[in-house]
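Here this note's numbering runs 377 ahead of the position in the sequence shown, where the first position is 1. What follows is a short report on a single structure.
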Amino acid sequence: MTEPTVAVLAGGLSHERDVSLRSGRRLSAALRGEGLTVEEWDTDAGLLDRLREQRPDAAVVALHGGEGENGSVQTVLEMLHVPYVGTNSHGCRRAWDKPTAKTLVAEADFTTPDWVALPHSTFRELGAQAVLNAMVERLGLPLILKPDQGGSALGAQVVRDAADLPAAMVGCFAYGETVLAERFVDGVEVAVTVVERADEPEPLPAVEIVPESGVYDYTARYTAGLTDFFAPARLSADAAKAVGELAVAAHRLLGLRDISRSDAVVMADGTIQFLEVNPSPGLTETSTVPMAVEAAGTTLGAVFADLVARAIRRGG
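Structure below.
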């Protein structure tokens, strides 16, 4: 019996193209190490023809940002009945929109930092300074500003002084039309990977994130040496269990599939604050998913080879 042919979809045209290509290369190498036949495909104008003419047994979505996480590429795969690893289009849309994800998690009685989400038009029409003043009155300082959609912390900035808010807003709007302003919470920052095995989502060991700058921004995420990682995280047994339960709950609440990564902060009083969830997490040399996989005593290739087999059984 021949091994299945797998198309790893990476690249694309989002701001996170370079990160996606790095994830795709690492994943492809890991799957080849498991004996699978792997092709790396960019998601360009030739993708649909290629999917029809060179139909793979399964695809793996290794795209970050844009069409790779907002459900668009997933919809195309579903229309063409191509089995694929990852969350379906509906779940991607729920997770892609950070206010929606936070609302659903909060409604399930988990804790998430207080926030407001406002489009650029509100600042233009009602007066930027008046809206910013109201934002600070509601949330206090420090704040973290981030685009309501997107990943890799692009456009995200921590603001500790109200005088810095206007410039931070401009930087945030460079990556999206709506800003999510969230109360900044201090504590132990962790990333928790969830992998589905035998149809049950299971949390892998949490990875603790300690950026040199104090803020886990784009540079800290993808520049080797600027962030220290601890896998497993230096948490009490109770806290480690709780963050795992939160990540599994977020995975289920948002209708995610196969693999996801939730980000959270464990505060000094033990409160766990949900930040966001990613249905297509990074797999680069500095990404937390491979670290969690290693801490769990397995390999990236073994995890994704199993997910490929599940996708093929599931069908398109």
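Where is the CB? At the ideal position from N, CA and C, for every residue including glycine.
- With a 10 Å radius around the Cβ and a threshold of 16 neighbouring Cβ atoms, L390 comes out exposed.
- In this structure, L542 is the residue among C469, L542, F500, A617 with its C-alpha nearest to the C-alpha of V513.
- DSSP, read as helix, strand or coil, puts D421 in coil.
- The three-state secondary structure of L531, taken from DSSP, is coil.
- Under the three-state reduction of DSSP output, R611 falls in the coil class, being neither helix nor strand.
- In the structure shown, the three-state DSSP call for S664 is coil.
- One thing to note: A597 has its Cβ within 9 angstroms of the Cβ of A530.
- Rounded to the nearest angstrom, the Cβ distance from V462 to V493 is 35 angstroms, too far for a contact under 8 angstroms.
- In this structure, the beta-carbon distance from P588 to D563 does not fall below 9 angstroms.
- Taking the Cα of V620 as reference, the smallest distance to any Cα among V592, Q650, L603 is reached at Q650.
- V453 sits in a helix when the DSSP states are folded into three classes.
- Taking a contact to require three or more Cβ pairs closer than 8 angstroms, the segment 493-504 and the segment 564-583 do not qualify as touching.
- Secondary structure note for Q431: it is in no beta strand (DSSP E), with a DSSP letter that is neither H nor E.
- Secondary structure note for Q506: its alpha helix (DSSP H) is the uninterrupted segment 505-516.
- Going by DSSP, T596 is part of the alpha helix (DSSP H) stretching over 595-599.
- The continuous alpha helix (DSSP H) containing A478 extends over residues 475-484.
- Contact holds between the segment 639-654 and the segment 478-496, because three or more Cβ pairs, one in each stretch, are under 8 angstroms apart.
- Minimum Cα-Cα distance from T676 among the listed residues R394, L408, G388 corresponds to L408.
- Around A679, the same chain offers E411 as residues with beta carbons nearer than 8 angstroms, after the five sequence neighbours per side are excluded.
- Within the same chain, Cβ atoms closer than 6 angstroms to the Cβ of R471 are found at T477, L631, the five residues on either side in sequence being excluded.
- Bounds of the beta strand (DSSP E) holding D640 are 636-643.
- Under the three-state reduction of DSSP, A551 is assigned to coil, being neither helix nor strand.
- In summary, H467 is exposed, with fewer than 16 beta-carbon neighbours lying within 10 Å of its beta-carbon over all protein chains present.
- Under the three-state reduction of DSSP, V685 is assigned to helix.
- The closest CA to that of M644, considering only A422, G443, E417, L612, is found on L612.
- Where L398 is concerned, the enclosing alpha helix (DSSP H) starts and stops at 394-409.
- One thing to note: V625 has its Cβ within 9 angstroms of the Cβ of V571.
- E653 sits in a strand when the DSSP states are folded into three classes.
- Taking T648 as the centre and dropping the five residues before and after it, the same chain places the C-beta of T488 closer than 7 angstroms to its C-beta, in chain order.
- Across the structure, A682 and P667 are spaced so that their CA atoms are roughly 14 angstroms apart.
- Annotation for T382: the continuous beta strand (DSSP E) segment containing it runs 382-387.
- Between Y595 and I586, the CB-CB gap reaches or exceeds 9 angstroms.
- DSSP, reduced to helix, strand and coil, places D605 within a strand of the structure shown.
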